[in-house]
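Numbering (my numbering), first residue to last: 172 to 310. Using N, Cα and C, we set each Cβ at its ideal position, and we do this for glycine too. Scroll down for the structure; my scribbles are underneath it.
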């Protein structure tokens with residue numbers, strides 16, 4: 172049989188491909204502008220620090236290796252990247268107006284997650300060198 176690591180990687184690839192196929196936010200033909208689209212009050216894309224604040228010029232020049240990207244068109248998505256050697260806690264943006272639910276976490280593998288997929292969360296610790304994807308609902 173195939174090694175467990177190969178099987179886990181295959182599961183991640185399948186999850187990413189399924190997400191792209193099922194969610195228009197990940198396959199739009201339009202470029203994101205960082206401004207709201209017509210009919211929306213949220214930016215189509217925004218970049219966040221792990222503490223949940225939108226990134227400033229200084230943040231881009233910093234030493235951090237963790238970043239979040241927020242797709243503000245409906246449906247809402249947050250993708251949290253951690254390229255650091257240590258786990259990084261993230262505050263998800265627009266709390267409490269947006270309820271965030273874990274879609275998948277590349278570090279989970281066969282280990283139980285700290286939060287079950289579908290359970291609302293406000294903060295989440297992203298394991299070193301991994302990515303977590305969240306879907307948000309807002310009124």
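Residue range of the beta strand (DSSP E) that includes residue i
i           : result
residue 242 : 237 to 242
residue 276 : 270 to 276
residue 217 : 217 to 219
Three-state class that DSSP yields for residue i in the structure shown
i           : result
residue 251 : strand
residue 186 : helix
residue 225 : strand
residue 245 : coil
residue 310 : coil
residue 258 : coil
residue 178 : helix
residue 301 : strand
residue 291 : strand
residue 207 : strand
N- and C-terminal bounds of the alpha helix (DSSP H) containing residue i
i           : result
residue 229 : 228 to 232
CB-CB length for residue i against residue j, believed under 8 angstroms
i           : j           : result
residue 297 : residue 251 : 5 angstroms
residue 306 : residue 261 : About 15 angstroms; that fails the 8 angstroms criterion.
residue 191 : residue 198 : 6 angstroms
Same chain only: Cβ atoms within 8 angstroms of residue i, ignoring 5 sequence neighbours per side
i           : result
residue 206 : 214, 215
residue 270 : 291, 307, 308, 309
residue 267 : 293
Own chain, CB closer than 6 angstroms to residue i, minus 5 neighbours either side, in chain order
i           : result
residue 236 : 254, 255
residue 223 : 262, 264
residue 240 : 218, 250
residue 313 : Lying outside 172 to 310, the shown extent of the chain, residue 313 is not represented and no answer is given.
Chain-order list of residues whose beta-carbon lies under 7 angstroms from that of residue i (same chain, five-residue window excluded)
i           : result
residue 299 : 253, 255, 256, 257, 258
residue 226 : 218, 219, 220
residue 246 : 194, 196, 306
residue 230 : 220
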